[in-house]
Amino acid sequence: MRYLSRRLAHGFLVLAGVSVLSFVFVALAPGEFLNEMRLDPRISPEMVAALRDRYGLDQPLPLKYLHWLQSVVRGELGFSFAYDRPVAALLWPRARNTLLLTVPATLAAWLIAVPIGAWSASQRGRWPDRVCAGTTTALLTVPELLLALGLLVVAVRTGYFPIGGMRSAAFAELREWAKVKDLAVHLFLPASALILVNLPVLIRHVRSSLIDVLAAPFIQGAHARGVPPRRLLFRDALRAASNPLISLLGLSIAGLLSTSLVVEAVMSWPGLGPLLLEAIAARDLHLVIGAVMCSTLFLLAGNLVADALLYLSDPRVRADQV
Amino acid sequence: MSAASRQVRAWASLLVILNASVVFAGFIAPYAPNEQNRNLPFAGPTRLHFVETTGQFHLRPFVYLVVSTPGSVDKYEEDRSRRYPVRFLIRGARYTIAGFAADRHLFGVEEPAKVFLFGTDQFGRDVFSRLLVGAQISLVAGVLAAGLALSLGVALGALAGFYGGWTDDAVMRIAELFLALPWLYLLLAVRSVLPLHIDPARAFLLLVTVIGFVGWARPARLIRGMVLSAKRRDHVLAARAFGATDMYVLRRHVLPQTAGVVLTQLAVLVPRYILAEVTLSFFGLGVAEPVPSWGNMLAAVQRYDVLTSYWWMFLPGIALSPVFLLYYALANALHEHTALLSS
Chain A
73 MRYLSRRLAH
83 GFLVLAGVSV
93 LSFVFVALAP
103 GEFLNEMRLD
113 PRISPEMVAA
123 LRDRYGLDQP
133 LPLKYLHWLQ
143 SVVRGELGFS
153 FAYDRPVAAL
163 LWPRARNTLL
173 LTVPATLAAW
183 LIAVPIGAWS
193 ASQRGRWPDR
203 VCAGTTTALL
213 TVPELLLALG
223 LLVVAVRTGY
233 FPIGGMRSAA
243 FAELREWAKV
253 KDLAVHLFLP
263 ASALILVNLP
273 VLIRHVRSSL
283 IDVLAAPFIQ
293 GAHARGVPPR
303 RLLFRDALRA
313 ASNPLISLLG
323 LSIAGLLSTS
333 LVVEAVMSWP
343 GLGPLLLEAI
353 AARDLHLVIG
363 AVMCSTLFLL
373 AGNLVADALL
383 YLSDPRVRAD
393 QV
Chain B
8 MSAASRQVRA
18 WASLLVILNA
28 SVVFAGFIAP
38 YAPNEQNRNL
48 PFAGPTRLHF
58 VETTGQFHLR
68 PFVYLVVSTP
78 GSVDKYEEDR
88 SRRYPVRFLI
98 RGARYTIAGF
108 AADRHLFGVE
118 EPAKVFLFGT
128 DQFGRDVFSR
138 LLVGAQISLV
148 AGVLAAGLAL
158 SLGVALGALA
168 GFYGGWTDDA
178 VMRIAELFLA
188 LPWLYLLLAV
198 RSVLPLHIDP
208 ARAFLLLVTV
218 IGFVGWARPA
228 RLIRGMVLSA
238 KRRDHVLAAR
248 AFGATDMYVL
258 RRHVLPQTAG
268 VVLTQLAVLV
278 PRYILAEVTL
288 SFFGLGVAEP
298 VPSWGNMLAA
308 VQRYDVLTSY
318 WWMFLPGIAL
328 SPVFLLYYAL
338 ANALHEHTAL
348 LSS
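Order-wise, the sequence lines are chains A and B. If you're matching positions, the first sequence starts at 73 in our numbering and goes up one per residue. If you're matching positions, the second sequence starts at 8 in our numbering and goes up one per residue.
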């Protein structure tokens, strides 16, 4: 447990560091939200000055940061000028939607990648392995932007899937099960895009780490003793290869979130990505900081989960910490 | 020469050819990228014919004049009364290559006929010409940004690994903060503090700087690790014992050992950064119209009618795949090559 609490403390430090860094960046920014207001003849200079005062725009940077920290403690995460409400109120529903998309997509991608990668490793050099390698390479060269757009075309052409969005217009009137079904139908294409982008990387890693393990003497020995190949592959080899794979889970989360941003924006899934893009267009910098901090939080949380899994699955990690 | 190094050579030379040919975009493109044909919006790719309506065969391909079908917006038909053979080294719009002005184009047809190999966009601009000129922005931005990120990464990573102590701590802690953000979020965050609407030339430089600046952390980590192990090798310690200065040891003994990794990183980073430019321009945060970039060209498909009806508008995105394939192949070959050398 000491291991995990240390990781947790480290995560907090990183989060604090990121927040300081983003504040310094924002301070360097030319132009701000109220600049456009100043050009509007209907708004008097006194009004702008009053607003500046209210939002504390003329205060020195450390004081601004302190104010922001206070609002974090209050659970507001700063104030969005463009939406005229606390950032947190805007952020949480969007963050939830991003999780709703990325978590099932990650699970599905792993569930697909592990058996394919394992099978490909066991068939090493034979034609199933070749086909698999070719397909993953081809998939690897398709950028997520194009993939998302392509799936959107599929949605339009087939008519089976809704074109973007997260809910039908009549969502509120649906009953419990119909709501879940509606959500699942909307989730299918964006999640497929995420899965397809992640699959080639995952399959390759599963394959290469299993190939390493399959060459190990204990596997060869078990094979010689007549342990069935399938049991050997999925029980013994996969377990031995779990360490690099779980590390990969932690590493892949950063890429997953970036991909998710593009997919969300293209398929109008109301997650963090579109919110960040809107905030940038409106020069709503507190909202930008909020969205960035939120994504950092996801990444750190994902890494923490991977660390915890590693701790549980690998006795060597536990032994190191004693 | 081993198979791996032959492969490295093959892929690298293909990429050099690709990037060099971008310079000649103005010559290869039949039209100026911003030349509009308002009467021909969303015209499909022009068909190249070899056989006339009379059944006569011509070795030299020819096109017919394309006119819009009366009573429709985006339907076109061929006026088959006269054929326009494709001519090579034909005179056309003026362009410059590395400062030299010229008006000869690789191919084209006589006016009023047009040859649009990849169709036209909403303003009747030639997609093929825009794709080539857009490559000057998109492909070059990737290379420059990767160069910048790697220079920063190598400099800081070498500094941290070589001197250690508090320098190492400071650089690596900051790198950790940069790596704590999902990279597209980081990129957008840095972009968000810069002005929204800027002219294309400055936008291009800005993008290259931002992408390069954001990407230094990962290479810095890699290089630091390599420098740490390299500086403890016997021949480096021997050079030190003979009184070699820090700079000399770094330049002669330490940095050359990282060359393989740096090159592999370059091949990995360039496609990522090409995609970064395309993504930012797609979202309207990069190079803006009328200057073509693959990203702002692809942005046209955000319109519902374009998405469903005009497949050729996807070509700026589809063109990324072969480019990426070349870079991946090079990265793979380089990786195997360095693995062979070190084993």
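Every residue gets a Cβ at the ideal spot worked out from N, C-alpha and C, and that includes glycine.
Asked: Three-state class that DSSP yields for A:VAL394 in the structure shown; Found: Here the model assigns A:VAL394 a pLDDT of 48, short of 50, so the residue's position is not dependable, and the following value carries that caveat. In the structure shown, A:VAL394 sits in coil (DSSP, three-state: anything other than H, G, I, E or B).
Asked: For A:ALA378 and A:GLY343, believed in contact at Cβ under 8 Å, the rounded distance; Found: With a Cβ gap of about 22 Å, A:GLY343 and A:ALA378 do not count as contacting.
Asked: CB contact check: A:PHE233 to chain B, cutoff 9 Å; Found: no
Asked: Backbone CA spacing between B:SER236 and B:HIS260 [nearest angstrom]; Found: 12 Å
Asked: CB contact check: A:SER330 to chain B, cutoff 9 Å; Found: yes
Asked: For B:GLY99, three-class secondary structure by DSSP; Found: strand
Asked: Test: A:LYS81 CB closer than 9 Å to a CB of chain B; Found: The question names Lys, but residue 81 of chain A is Ala in the sequence shown. It does not; no Cβ of chain B falls within 9 Å.
Asked: N- and C-terminal bounds of the alpha helix (DSSP H) containing B:ASP253; Found: 253–256
Asked: Assigned secondary structure, B:ALA109 (DSSP; H/G/I helix, E/B strand, else coil); Found: strand
Asked: Under 7 Å by beta carbon: chain A residues contacting B:TRP190; Found: ALA326 and SER330
Asked: Start and end residues, alpha helix (DSSP H) containing A:ARG166; Found: 159–194
Asked: Rounded straight-line distance, which links the Cα of A:PHE290 to that of A:HIS277; Found: 21 Å
Asked: Integer Cβ distance of B:LEU242 from B:ALA11, believed to fall under 8 Å; Found: The amino acid occupying residue 242 of chain B in the given sequence is His; Leu does not appear at that position. Not a contact, Cβ separation roughly 25 Å.
Asked: Local Cβ density within 10 Å of B:ARG180, reported as buried at 16 or more and exposed below that; Found: exposed
Asked: For B:LEU203, three-class secondary structure by DSSP; Found: coil
Asked: Top-ranked residue by Cα proximity to B:VAL70, from B:ALA120, B:ASP110 and B:LEU191; Found: B:ALA120
Asked: A:ALA160 versus A:ARG297, A:SER385 and A:CYS366, residue with shortest Cα-Cα distance; Found: A:CYS366
Asked: Contact list for A:LEU173 against chain B, beta-carbon separation under 9 Å; Found: Within 9 Å Cβ-Cβ: nothing; A:LEU173 doesn't reach chain B, min ~14 Å.
Asked: Neighbouring residues, chain B, relative to A:PHE97 (Cβ below 8 Å); Found: ALA196, VAL197 and VAL200
Asked: Sheet register partners of B:ILE104 (DSSP bridge); Found: B:PHE107
Asked: Bridge partner(s) assigned by DSSP for B:ARG90; Found: B:TYR71
Asked: Rounded distance between the beta-carbons of B:LEU184 and A:GLY89, thought under 8 Å; Found: 5 Å
Asked: Within-9 Å CB hit, A:PRO262 to chain B; Found: no
Asked: Run of the alpha helix (DSSP H) containing B:PHE321, from where it starts to where it stops; Found: Looking at the DSSP string, B:PHE321 is not in any alpha helix (DSSP H), and its letter there is neither H nor E.
Asked: A:VAL394 at chain B interface by Cβ criterion, 9 Å; Found: With a pLDDT of 48 at A:VAL394, under the threshold of 50, the modelled position of that residue is not reliable, and the figure given next carries that caveat. Cβ-Cβ to chain B under 9 Å: no for A:VAL394.
Asked: Under 8 Å (Cβ pairs) to chain B, residues found in the stretch 129–159 of chain A; Found: none
Asked: Near-chain A residues of the stretch 135–157 of chain B - C-beta to any C-beta below 8 Å; Found: none
Asked: Given 8 Å, three or more beta-carbon pairs between the stretch 278–289 of chain A and the stretch 175–194 of chain A; Found: yes
Asked: Positions along the stretch 259–285 of chain B whose CB lies within less than 7 Å of some CB in chain A; Found: LEU282 and VAL285
Asked: Contact residues within the stretch 318–330 of chain B, judged by C-beta distance below 8 Å to chain A; Found: PHE321, GLY324, ILE325, LEU327, SER328 and PRO329
Asked: Length of the line joining the Cα atoms of B:GLY141 and A:VAL252; Found: 44 Å
Asked: Reduced DSSP secondary structure (H/G/I, E/B, other) of A:SER116; Found: coil
Asked: Assigned exposure category for A:LEU357 - 16 Cβ within 10 Å defines buried; Found: buried
Asked: Three-state secondary structure (DSSP) of A:ALA373; Found: helix
Asked: Contact set between A:VAL335 and chain B, taken where Cβ atoms lie within less than 9 Å; Found: Correct list: empty, because the minimum Cβ distance to chain B is about 11 Å.
Asked: Close beta carbons around A:LEU169, own chain, < 6 Å, minus the five adjacent residues each side; Found: Sequence inspection shows Asn at residue 169 of chain A; the Leu mentioned does not correspond to that position. PRO342 and GLY343.
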